[in-house]
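So for the sequence shown, our numbering puts the first residue at 15; every next one is plus one. We put the CB at the ideal spot given by N, CA and C, even for glycine. Worksheet: one structure, shown below.
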Amino acid sequence: MSAAPIDMPTFEELKATTGAEFANELVGTFLEEAPLMLNDMRTALGANDADTFRRAAHSLKSNCNTFGALALGAQARTLELGGLSSVQQQGTRALDDLEAEYARVAAALAALRHA
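Here it is, written out as structure tokens:
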């Protein structure tokens, strides 16, 4: 079984630091922007645009770690460091896996936001 999509101590620390209401706003922003980052990565893959791919992976990684989405952040970090060429060698599997983990994270964050 895979790890929980959200590391609760990290998420609780975010809420304690920013306040629960602002943390919920941040979650909302993440849920709007992360799919755009994932799309940017796919578009960059198709366009062979290594810089855009790396920037999108970096942004996704940073945002994930803020919310405690550590597994998703680790996947994004691997793609950021491996770069476009590593994904091109694997086909789209790495991005498919990233999007599947994002779906788990998004569901967990949406539930936490409304808890």
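Contacts around residue i, its chain only, beta-carbon distance under 8 Å, and the 5 residues preceding and following it disregarded
i     : result
PRO49 : TYR116
ARG68 : GLU94, GLY97 and LEU98
ALA64 : ALA58, GLY97, LEU98 and SER99
Bounding residues of the alpha helix (DSSP H) (the contiguous stretch that carries residue i)
i      : result
HIS72  : 64-81
PRO23  : 22-32
THR92  : 84-104
ALA125 : 107-127
Short Cβ contact (8 Å threshold) for residue i with residue j
i      : j      : result
MET51  : SER76  : no
PHE44  : LEU112 : no
LEU109 : ARG56  : yes
CYS78  : ALA90  : yes
ALA85  : ALA17  : yes
Other residues of its chain near residue i: CB distance less than 7 Å, five sequence neighbours each side excluded
i      : result
ALA34  : none
THR31  : none
MET15  : Its pLDDT being 43, under 50, MET15 is placed unreliably in this model, and the coordinates cannot settle the point.
ASN38  : ARG127
THR106 : none
THR66  : ASP54 and ALA58
6 Å CB neighbourhood of residue i in its chain, flanking five on each side removed
i      : result
GLY82  : ILE20, ASP21, THR24 and PHE25
GLN102 : none
beta-carbon residue i near the ligand ADP non-hydrogen atom, thresh 7 Å
i      : result
ARG107 : Because no ligand of any kind appears in the structure shown, any question about the ligand ADP cannot be addressed here.
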